[in-house]
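Novice: Take the sequence shown: its position 79, counted from the start at 1, is 1352 in the numbering used here, and no numbers get skipped. Even for Gly, the Cβ is constructed at its ideal location relative to N, Cα and C. As the structure is a computational prediction, the values presented were derived from the model and not from experiment. So that we are looking at the same thing, I have put the structure below in structure tokens.
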Amino acid sequence: MSEDEATRITTPKITELEAEVVVSRGQLASTVDALAERLDPRVQKDKLVADGKRLVFDATDAAALPEDRSRARKIFAVAGGVAALVVAGIVRKVTR
1274 MSEDEATRIT
1284 TPKITELEAE
1294 VVVSRGQLAS
1304 TVDALAERLD
1314 PRVQKDKLVA
1324 DGKRLVFDAT
1334 DAAALPEDRS
1344 RARKIFAVAG
1354 GVAALVVAGI
1364 VRKVTR
């Protein structure tokens, strides 16, 4: 088999593989971009602030859905309990 014949036989396969590599690189690049944005501290901070505002709204506003109001109040109750335990632990440790 001459070199010309080997090139003709493998060229479509090589072209197909090169096309797959290009597609894979594009998918990988978009995945990395999405992860970078999702992990950006500013984006995380903005999301936490928005979630906190929504939680306060749900807990305090009469316009909130009853199930959202109940959920928000439970979250605040648990958070208050945890905060009280932490403060009690700190006070106990300091007074020893």
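Do you know offhand how far Pro1314's Cα is from Lys1366's?
Specialist: For the purposes of this step, residue 1314 is taken as the residue at position 41 of the sequence shown. For the purposes of this step, residue 1366 is taken as the residue at position 93 of the sequence shown. Each residue's Cα considered, the two are about 34 angstroms apart.
Novice: How long is the line joining the alpha carbons of Arg1342 and Gly1325, rounded to whole angstroms?
Specialist: In the sequence shown, counting from the first residue as 1, residue 1342 sits at position 69. In the sequence shown, counting from the first residue as 1, residue 1325 sits at position 52. Approximately 13 angstroms between the Cα atoms of the pair.
Novice: What do you get for Ala1335, buried or exposed, if any count of 16 or more other CB atoms within 10 angstroms of its CB means buried?
Specialist: What you label residue 1335 is simply residue 62 of the sequence shown in a count that begins at 1. Per the 10 Å Cβ criterion, exposed.
Novice: Taking Lys1347 as the reference, which of Ser1297, Thr1333, Val1295 and Leu1358 has the closest Cα?
Specialist: As a working note, residue 1347 is residue 74 in the sequence shown. Of the candidates Ser1297, Thr1333, Val1295 and Leu1358, the one whose C-alpha sits nearest the C-alpha of Lys1347 is Thr1333.
Novice: Please state whether the Cβ-Cβ distance between Asp1331 and Ala1337 is less than 8 angstroms.
Specialist: Indexing the sequence shown from 1 puts residue 1331 at position 58. Indexing the sequence shown from 1 puts residue 1337 at position 64. Their beta carbons are under 8 angstroms apart, which means Asp1331 touches Ala1337 by this criterion.
Novice: Please confirm whether Arg1345 and Leu1321 have their CB atoms less than 8 angstroms apart.
Specialist: For the purposes of this step, residue 1345 is identified with residue 72 of the sequence shown, where counting begins at 1. For the purposes of this step, residue 1321 is identified with residue 48 of the sequence shown, where counting begins at 1. The amino acid at residue 1345 is misidentified as Arg; the sequence shows Ala. No.
Novice: Does DSSP put Asp1341 in a helix, in a strand, or in coil?
Specialist: Residue mapping note: residue 1341 aligns to position 68 of the sequence shown, counting from 1. Reduced to three states, the DSSP call for Asp1341 is helix.
Novice: State the start and end residues of the unbroken alpha helix (DSSP H) segment that holds Asp1324.
Specialist: Translated into positions along the sequence shown, residue 1324 becomes position 51. Here the alpha helix (DSSP H) through Asp1324 covers Pro1314 to Thr1333.
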